[in-house]
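Reading through the structure tokens given below for one structure.
Residue numbers (mature numbering (1 follows the signal peptide of the UniProt record, and there is no 0)): -22 to -1, 1 to 507.
Listed below in structure tokens is the structure:
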């Protein structure tokens, strides 16, 4: 059934399954705006399992027009003021079959979508019994224009939206169910991974367990690192521009030729790219090779891409892109056009100047962005004493062929966080897993399905700690059972209905996977060493 005050459009596209009339009555009588300061109600709705919601007003760039709902939930949508000039759009999906757990979801890119946020994650986590919340992170759509001359929206984006959503969600959970949550969790990837780390730094009491995938830590330098690629590759059609077909075929083939079998398996996956010392000079044209080869300038392009970004004195700004990621990275980072997220960040946040020209990006822009540190978004803690002291747990993971954020930066951050401490001391509260063959947060040739969010493949893996990162952090928090590995799943053509192609146990850093048997698709033939 549907109730309620609705300030934006949505539809029920499928016939729901009947739920509990008592919970439905409680939901529809709920007055959520009473319990959240500065809140205005947009939606109050009882939604039953197997309903598909439609969001016709959602910004097209968000690509979230519909969402299947997997459990009976009380859906609450609010607009919450965060300052005199800013507000967030917030949603809570409160399941009828509540486990007692609370969970907040993250965002991605420079995301913020009209009617809430990652509905797929709200649906996924509420189906597992979590009282789940999300927000638009203070802005609508995936471009940066809402930041223009609005520093309060930047603050929402940097940290305030998640904290506000968490406070609001916990209050609504308590009021609807008549009791407080037992444990509090967070899950997010990319920008969402950064949000989780920022929360542990700034609000250590907000969550007991955090899943932070491919975290966009050192955010200011990440934005600059991405902006720089356009100045390296040049625009499409310029004399030294390398087309996507070259990156996806013979350049990638040569990367694999040099590095695929370092782990003893010829499987098209570079298990540990830190061991891959790719030399692009082997692709240089010569007297006998004039096709499928690179001129001197193009060889230098590759060397620059696969080298650290540094200040003139040698100080590291941001690590190199890892080899193996080029098949995906060429679609956005090496595409011969400005990387949109970075371009918008400089235009509307760093300089408040829509005329800023991405083709003229240089080191001074890097310095300006990091010095400004808009909204305190940097997020590069070298200690998290409050979170560690309270007994919080962080499970972080990163795909080893991430095509948007180099995995080398998460290694760098983990090592900075570790400092002189032992791995055993770190293992008490934070564990980092390198996921071979995973692109940015999902997809790729490897065993990348880890239960890391509401993608279609997540439903195909059991909600068990060995195979699901969310369940792994829950059991770590609640039972004291820390994950020693995460077993990823690769479905045939990434389609659950076609069955499992192979699984692989991804090692806890600093261990790495090495093939010790003949069949690389057999997880028992790999060892963490």
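Don't be surprised by glycine CBs; every beta carbon is placed ideally from N, CA and C.
DSSP state of residue i mapped onto helix, strand, coil
| i | result |
| --- | --- |
| residue -3 | coil |
| residue 505 | strand |
| residue 473 | coil |
| residue 7 | helix |
| residue 175 | helix |
| residue 216 | coil |
| residue 480 | strand |
| residue 191 | strand |
| residue 491 | strand |
| residue 427 | strand |
| residue 295 | strand |
| residue 496 | coil |
| residue 587 | Coverage of the chain is limited to positions -22 through 507, which leaves residue 587 absent and any answer about it impossible. |
| residue 320 | helix |
| residue 289 | coil |
| residue 311 | coil |
| residue 362 | coil |
| residue 64 | strand |
| residue 398 | coil |
| residue 443 | coil |
| residue 256 | coil |
| residue 199 | helix |
Residue i - partner residues in DSSP beta bridges
| i | result |
| --- | --- |
| residue 69 | 55 and 112 |
| residue 80 | 109 and 162 |
| residue 410 | 374 |
| residue 23 | 53 |
| residue 29 | 47 |
| residue 466 | 482 |
| residue 356 | According to DSSP, which records beta bridges pairwise, residue 356 is partnered with nothing at all. |
| residue 167 | 191 |
| residue 17 | 58 |
| residue 333 | In DSSP, residue 333 forms no bridge with anything. |
| residue 272 | 262 |
Classification of residue i by the beta-carbon crowding that lies within 10 angstroms, buried from 16 upward
| i | result |
| --- | --- |
| residue 253 | exposed |
| residue 289 | exposed |
| residue 210 | exposed |
| residue 477 | exposed |
| residue 269 | exposed |
| residue 398 | exposed |
| residue -8 | The predicted model places residue -8 with a pLDDT of 42, which falls under 50 and marks its position as unreliable, so this point remains unresolved. |
| residue 154 | buried |
| residue 457 | exposed |
| residue 106 | buried |
| residue 241 | buried |
| residue 402 | exposed |
| residue 170 | buried |
| residue 186 | buried |
| residue 223 | exposed |
| residue 351 | exposed |
| residue 29 | buried |
Minimum C-alpha distance to residue i - residue among the options
| i | options | result |
| --- | --- | --- |
| residue 133 | 144, 148, 145 and 116 | 116 |
| residue 354 | 243, 154 and 135 | 135 |
| residue 141 | 48, 164, 156 and 260 | 164 |
| residue 387 | 311, 273, 370 and 197 | 197 |
| residue 450 | 371, 55, 4 and 400 | 371 |
| residue 471 | 465, 424, 444 and 464 | 424 |
| residue 447 | 64, 496, 190 and 162 | 190 |
| residue 251 | 76, 227, 238 and 426 | 238 |
| residue 226 | 345, 305 and 301 | 305 |
| residue 358 | 301, 311 and 295 | 295 |
| residue 179 | 159, 218, 138 and 293 | 138 |
| residue 52 | 5, 445 and 87 | 5 |
Alpha-carbon to alpha-carbon, residue j and residue i
| i | j | result |
| --- | --- | --- |
| residue 26 | residue 148 | 22 angstroms |
| residue 230 | residue 166 | 29 angstroms |
| residue 208 | residue 279 | 11 angstroms |
| residue 78 | residue 112 | 18 angstroms |
| residue 61 | residue 68 | 15 angstroms |
| residue 34 | residue 175 | 33 angstroms |
| residue 493 | residue 236 | 17 angstroms |
| residue 503 | residue 232 | 26 angstroms |
| residue 49 | residue 390 | 40 angstroms |
| residue 261 | residue 122 | 39 angstroms |
| residue 303 | residue 12 | 49 angstroms |
| residue 323 | residue 3 | 45 angstroms |
| residue 32 | residue 118 | 17 angstroms |
| residue 508 | residue 205 | The structure shown does not extend to residue 508, since the chain spans only -22 to 507, so no value can be given for it. |
| residue -3 | residue 436 | 27 angstroms |
| residue 104 | residue 297 | 37 angstroms |
| residue 70 | residue 128 | 26 angstroms |
heavy atom of the ligand NAD below 7 angstroms from residue i C-beta
| i | result |
| --- | --- |
| residue 21 | For the ligand NAD, the structure offers nothing, since it holds no ligand at all. |
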